[in-house]
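A.B. asks: Under the numbering used here, the residues of the sequence shown are numbered 1 to 387, in order.
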Amino acid sequence: MTETDVRAALRAQRIEVPSWAYGNSGTRFKVFGQPGVPRNPEEKIADAAQVHAYTGIAPVVSLHIPWDRVDDFGKLASYAAERGVRIGTINTNVFQDDDYKLGSVTNPDPRIRRKALGHLLECVDIMDATGSRDLKLWFSDGTNYPGQDDIRARQDRLAEALHATYQRLGPEQRMLLEYKLFEPAFYLTDVPDWGTAYAHCLKLGERAQVVIDTGHHAPGTNIEFIVAFLLREGKLGAFDFNSRFYADDDLMVGAADPFQLFRIMHEIVRADALRVESGVNFMLDQCHNIEPKIPAQIRSVMNVQEATAKALLVDAEALAAAQAAGDVLGANGVLMDAYNTDVRPLLAQVRAESGLDPDPMAAYARSGYAERIAAERVGGQQAGWGA
Numbered sequence: 001m002t003e004t005d006v007r008a009a010l011r012a013q014r015i016e017v018p019s020w021a022y023g024n025s026g027t028r029f030k031v032f033g034q035p036g037v038p039r040n041p042e043e044k045i046a047d048a049a050q051v052h053a054y055t056g057i058a059p060v061v062s063l064h065i066p067w068d069r070v071d072d073f074g075k076l077a078s079y080a081a082e083r084g085v086r087i088g089t090i091n092t093n094v095f096q097d098d099d100y101k102l103g104s105v106t107n108p109d110p111r112i113r114r115k116a117l118g119h120l121l122e123c124v125d126i127m128d129a130t131g132s133r134d135l136k137l138w139f140s141d142g143t144n145y146p147g148q149d150d151i152r153a154r155q156d157r158l159a160e161a162l163h164a165t166y167q168r169l170g171p172e173q174r175m176l177l178e179y180k181l182f183e184p185a186f187y188l189t190d191v192p193d194w195g196t197a198y199a200h201c202l203k204l205g206e207r208a209q210v211v212i213d214t215g216h217h218a219p220g221t222n223i224e225f226i227v228a229f230l231l232r233e234g235k236l237g238a239f240d241f242n243s244r245f246y247a248d249d250d251l252m253v254g255a256a257d258p259f260q261l262f263r264i265m266h267e268i269v270r271a272d273a274l275r276v277e278s279g280v281n282f283m284l285d286q287c288h289n290i291e292p293k294i295p296a297q298i299r300s301v302m303n304v305q306e307a308t309a310k311a312l313l314v315d316a317e318a319l320a321a322a323q324a325a326g327d328v329l330g331a332n333g334v335l336m337d338a339y340n341t342d343v344r345p346l347l348a349q350v351r352a353e354s355g356l357d358p359d360p361m362a363a364y365a366r367s368g369y370a371e372r373i374a375a376e377r378v379g380g381q382q383a384g385w386g387a
């Protein structure tokens with residue numbers, strides 16, 4: 001790939017940011033409040049627009065329902081457009097209601113299953129109002145003890161709800177099914193891995209795709225294999241980018257293992273799936289508990305950019321030749337040469353060519369936006385993740 005091609009690919013890259021990243025969040029022990037935190041969905045979108053203003057590649061904001069519920073979603077979409085961004089993925093929430101203690105769509109109680117399905121269908125209505133393409137489903141459903149419920153029956157209930165939701169989608173809309181190894185269920189999770197998600201999506205149809213959350217795997221899992229497999233099958237719909245040192249996610253992407261992020265992006269580049277036209281949606285899914293919200297999102301976008309730039313610099317011809325010759329060290333060396341390249345000067349040039357400040361973090365710090373929202377956003381109820 002020529003330098004011109006690399007620069008063009010970096011300028012065309014798009015990363016979606018989550019509305020909930022700008023609210024207060026924490027652990028099960030404590031949620032730490034910060035000054036200037038948004039009090040409503042409009043202020044979340046305004047903060048997200050700052051990330052796009054300084055990076056140039058984050059023009060889409062995903063919503064989480066009911067955290068971002070408003071009376072008029074069409075009006076909210078217009079508000080986003082006025083600030084240079086648009087509303088993207090609609091994320092469902094069937095895990096923060098007392099009724100869902102034993103599950104939502106897999107609950108043994110038909111009334112609760114109907115309630116959960118009603119929420120999923122409501123979120124498709126919101127997609128219609130906002131012009132969103134993607135509906136993202138994550139289920140905390142599972143059991144804590146052997147014998148607590150019938151494993152096969154729960155899969156039947158899950159399949160029934162997925163089918164009903166899929167049938168409600170419009171012709172240009174997609175269903176993205178996310179998986180997670182464990183938590184909050186500890187004995188059995190109903191969608192624990194990519195194979196389970198893939199099997200359900202395969203039955204549903206081509207507009208049902210798998211989401212890979214980089215924090216939802218067992219330690220040591222080869223995530224790039226999952227990426228390569230799902231790309232090969234045409235079933236990789238989206239990423240939720242983040243980092244984790246042990247089990248769950250929410251740390252800034254690339255913080256725990258930047259080499260893993262590079263390896264993932266290498267598979268993306270190899271499959272020519274970086275392009276927006278590929279259909280793979282690259283999204284951050286992070287809650288910033290102790291670090292400032294907007295700078296953390298800017299830094300996360302930059303981390304993905306750096307991993308992408310390194311992946312674009314891999315000498316594909318040299319790599320293929322070494323692989324064909326069985327040159328183990330040579331092939332690995334090609335990857336390591338790209339990974340060890342300092343791409344920050346290249347990215348600074350690409351930003352400057354796009355009319356942006358070469359250093360987004362410093363530019364945001366100089367803008368005074370953080371001080372302004374801290375002074376203005378006084379009173380009301382700060383947005384939070386609702387734990």
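The C-beta atom is built at its ideal place from N, Cα and C for all residues, glycine as well. Here the structure is a predicted model, which means the values were calculated and not measured.
Please report how far the alpha carbon of residue 83 lies from the alpha carbon of residue 184, in whole angstroms.
C.D. replies: If you take the alpha carbons of residue 83 and residue 184, they lie about 37 Å apart.
A.B. asks: Can you find the residues in the same chain that come closer than 6 Å, C-beta to C-beta, to residue 387, ignoring five residues on each side of it along the sequence?
C.D. replies: With a pLDDT of only 48 at residue 387, under 50, the local geometry of the prediction cannot be trusted, and the value read off the model is given with reservation. Nothing listed; no residue qualifies.
A.B. asks: Under three-state DSSP, which class holds residue 136?
C.D. replies: strand
A.B. asks: Are residue 274 and residue 308 closer than 8 Å when you measure CB to CB?
C.D. replies: yes
A.B. asks: On the three-state DSSP scale, how would you describe residue 60?
C.D. replies: strand
A.B. asks: Just to confirm before moving on: does the CB-CB distance between residue 41 and residue 68 stay below 8 Å?
C.D. replies: yes
A.B. asks: Just the Cα atoms here: how many angstroms apart are residue 209 and residue 110?
C.D. replies: Computed Cα separation, rounded: 26 Å.
A.B. asks: How many Å lie between residue 24 and residue 288 at the Cα?
C.D. replies: 8 Å
A.B. asks: Are the CB atoms of residue 264 and residue 314 nearer to each other than 8 Å?
C.D. replies: For residue 264 and residue 314, no; Cβs fall outside 8 Å.
A.B. asks: Please determine whether the Cβ atom of residue 13 lies at a distance below 7 Å from any heavy atom of the ligand HEM.
C.D. replies: Summarising the ligand content, the structure contains no ligands, and the ligand HEM is consequently not present.
A.B. asks: Rounded to whole angstroms, what is the Cα-Cα separation between residue 181 and residue 355?
C.D. replies: Cα to Cα, the separation comes out at about 43 Å.
A.B. asks: How far does the beta strand (DSSP E) with residue 408 in it reach, from first residue to last?
C.D. replies: For the chain, the structure presents residues 1 to 387; residue 408 sits outside this window and is missing.
A.B. asks: Less than 8 Å between the CB atoms is what I'm expecting for residue 360 and residue 54, so what's the real figure, rounded?
C.D. replies: 4 Å
A.B. asks: Spatial neighbours of residue 351 within its chain, please: C-beta separation below 6 Å, excluding the five flanking residues on both sides.
C.D. replies: 358
A.B. asks: Measure the beta-carbon distance from residue 135 to residue 173 and round it to whole angstroms, keeping in mind my assumption that it falls under 8 Å.
C.D. replies: 7 Å
A.B. asks: Just checking, does the segment 269 to 284 make contact with the segment 216 to 225 on the three C-beta pairs under 8 Å criterion?
C.D. replies: no
A.B. asks: Check each candidate in 28, 130, 100, 155 and name the one with the smallest Cα separation from residue 78.
C.D. replies: 130
A.B. asks: Can you list, in chain order, the stretches of the beta strand (DSSP E) that have 3 or more residues and sit fully within the segment 239 to 297?
C.D. replies: 281 to 284
A.B. asks: Could you check where the alpha helix (DSSP H) with residue 224 kicks off and where it finishes?
C.D. replies: Looking at the DSSP string, the run of the alpha helix (DSSP H) that includes residue 224 is 223 to 233.
A.B. asks: Taking a contact to mean a Cβ-Cβ separation below 8 Å, would you say residue 90 touches residue 99 in this structure?
C.D. replies: no
A.B. asks: Looking at C-alpha atoms only, which residue of 3, 105, 123 is the closest neighbour of residue 115?
C.D. replies: 105
A.B. asks: Sort 121, 102, 169, 244 by Cα distance to residue 393 and report the nearest one.
C.D. replies: Because the chain is modelled from 1 through 387, residue 393 falls outside the range shown and cannot be assessed.
A.B. asks: Which residues does DSSP pair with residue 176 in a beta bridge?
C.D. replies: 136, 209
A.B. asks: Just mark residue 282 as buried or exposed, buried being the case when its beta carbon has 16 or more other beta carbons within 10 Å.
C.D. replies: Buried, by the Cβ-count rule.
A.B. asks: Mapping DSSP to helix, strand and coil, what is residue 31?
C.D. replies: strand
A.B. asks: Taking 7 Å as the limit between beta carbons, can you name the residues of its chain near residue 133, skipping five residues before and five after?
C.D. replies: 172, 173, 174
A.B. asks: Roughly how many whole angstroms lie between the Cα atoms of residue 201 and residue 177?
C.D. replies: 8 Å
A.B. asks: Does residue 366 come out as helix, strand or coil in the three-state DSSP assignment?
C.D. replies: Helix.
A.B. asks: Would you please state the rounded distance, in angstroms, between the beta carbons of residue 231 and residue 253? I believe it to be under 8 Å.
C.D. replies: That pair is no contact at about 19 Å.
A.B. asks: Find the nearest neighbour of residue 139 within the set 43, 11, 107, judged by alpha-carbon distance.
C.D. replies: 107
A.B. asks: Identify the residues that DSSP records as bridge partners of residue 18: which are they?
C.D. replies: 62
A.B. asks: Taking the Cβ atom as the reference point for each residue, do residue 344 and residue 43 lie within a distance shorter than 8 Å?
C.D. replies: no
A.B. asks: In terms of residues, what are the limits of the alpha helix (DSSP H) holding residue 88?
C.D. replies: No alpha helix (DSSP H) holds residue 88; the beta strand (DSSP E) holding it covers 86 to 91.
A.B. asks: Applying the criterion that 16 or more other CB atoms from any shown protein chain within 10 Å of the CB defines a buried residue, is residue 59 buried or exposed?
C.D. replies: Burial call: buried.
A.B. asks: What do you get for residue 278, buried or exposed, if any count of 16 or more other CB atoms within 10 angstroms of its CB means buried?
C.D. replies: exposed
A.B. asks: Between which two residues does the alpha helix (DSSP H) harbouring residue 83 extend?
C.D. replies: Unbroken run through residue 83: none, as it is neither H nor E.
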